[in-house]
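The structure under discussion appears below in the form of structure tokens.
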């Protein structure tokens, strides 16, 4: 009888324990994994997200993840089934994002929607509403970093392929030639400055001479009008004519002996600079690669290797 009583007590204890365990499981399931179903669809990775992870709407917890798997209609996409509080109404345009909590790095689903969103998503157990889920900020950062690394690696490979010893030497020669050209242009500009100043002074002198000739002509007209009444008028006209002749002679000497030679030298320098620039432009037009690789070797003559 005593053994039988112990057996009955043990059986009752096991039944009560199992009943409490099942009740606890049902209670936990009812508090966390019960609600309106929504399918979160994404083509990005959901690494770190697990069943039971919280779902939050703008920071407020409204449900949990029920299961994670591939979308039966398209195996390239992942479907995350989330159960949300039935009292929560999600507007159209709602989207989901995987976020990570604090220093622990626990993943959860963050729901958000545009401020101007209108309408309501209708969902049911037979036809759960589908919400697009975007990649997380860390995923975007990882993709951007990967693209940056690929771009940088490709750039290094191209630079390494271009900067051979021969190419470096030709680039150095090109820089030297460019420096020489800049120096020549600087010297030419410096030489042109005195000539330009002299031309300005000659023009100023010519303007003064023209004004003097005009005044002299007016004086001559006055003297001619009054010549009949004054005996010394003819002498004044003669003196004015001599002054005009002397001024014209001085102008001719200044132009012929000073200005024209400098203008000839300036024109000669400009012609040589123009010819040099024409040759350089013609060479660049015919052989643009010469800017990097230098001019091609001359055609071999008779008796030289490569002559045809």
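Residue numbers (this note's numbering): -14 to 293.
We treat Cβ as the ideally placed atom computed from N, Cα and C, and that holds for glycine.
1) With residue 33 as the anchor, note down where its beta strand (DSSP E) starts and where it stops.
2) Between which two residues does the beta strand (DSSP E) holding residue 19 run?
3) Where do the ends of the beta strand (DSSP E) carrying residue 56 lie?
4) Count the other CB atoms, across all protein chains shown, that sit within 10 Å of the CB of residue 83; report buried if there are 16 or more and exposed otherwise.
5) Residue 34 to residue 93, Cα distance in whole Å?
6) Anyone know if the C-beta pair for residue 109 and residue 39 falls short of 9 Å?
7) Strictly by DSSP, which residues pair up with residue 86?
8) For residue 65, list the residues DSSP reports as bridge partners.
9) Measuring only between beta-carbons, confirm whether residue 91 sits less than 9 Å from chain B.
10) DSSP state of residue 114, grouped into three classes?
11) By Cβ distance below 6 Å, which residues in the same chain neighbour residue 16 in space, the five residues on each side in sequence not counted?
12) So, for residue 116: in the same chain, excluding its five sequence neighbours on each side, which residues have a beta-carbon less than 6 Å away from its beta-carbon?
13) Taking the DSSP output, what are the residues bridged to residue 96?
14) Which residue's Cα is closest to the Cα of residue 102: 111, 74, 170, 114?
15) Considering only the alpha carbon of each residue, which of 95, 168, 257 lies closest to residue 42?
16) Name the one or two DSSP bridge partners that residue 119 has.
17) Relative to the C-alpha of residue 86, which residue among 46, 167, 59, 58 is closest?
18) Compute the beta-carbon to beta-carbon distance between residue 19 and residue 68, rounded to the nearest angstrom, for a pair I have assumed lies under 8 Å.
19) For residue 284, name the three-state secondary structure that DSSP assigns.
20) Using 10 angstroms around the beta-carbon of residue 27, count the other beta-carbons present and answer buried if the total reaches 16, otherwise exposed.
21) Throw me the rounded Cβ distance for the residue 343 and residue 64 pair, which I believe falls under 8 Å.
22) Residue 113 and residue 66: beta carbons closer than 9 Å?
23) With a 10 Å radius around its C-beta and 16 neighbouring C-beta atoms as the bar for buried, classify residue 48 as buried or exposed.
24) Buried or exposed for residue 31, going by 16 or more other Cβ atoms inside 10 Å?
25) Which residue or residues does DSSP assign as beta-bridge partners of residue 59?
Let's see:
1) It is not in any beta strand (DSSP E) - residue 33 carries neither H nor E in the DSSP assignment.
2) No beta strand (DSSP E) holds residue 19; DSSP gives it neither H nor E.
3) Where residue 56 is concerned, the enclosing beta strand (DSSP E) stretches over 45 to 56.
4) Residue 83 comes out buried.
5) 7 Å
6) Here residue 109 is not near residue 39, since their CB atoms are 9 Å or more apart.
7) 91
8) 25, 53
9) You won't find chain B in this structure, because it holds only one protein chain.
10) strand
11) With a pLDDT of 47 at residue 16, under the threshold of 50, the modelled position of that residue is not reliable, and no figure is offered here.
12) Same-chain partners within the cutoff: 23, 25, 79, 81.
13) 42, 81
14) 74
15) 95
16) 82
17) 46
18) 6 Å
19) coil
20) Taking a 10 Å sphere around the C-beta of residue 27, we find 16 or more other C-beta atoms and assign the residue as buried.
21) Residue 343 lies beyond the residue range present for the chain, which begins at -14 and ends at 293; the question has no answer from this structure.
22) yes
23) buried
24) buried
25) 56
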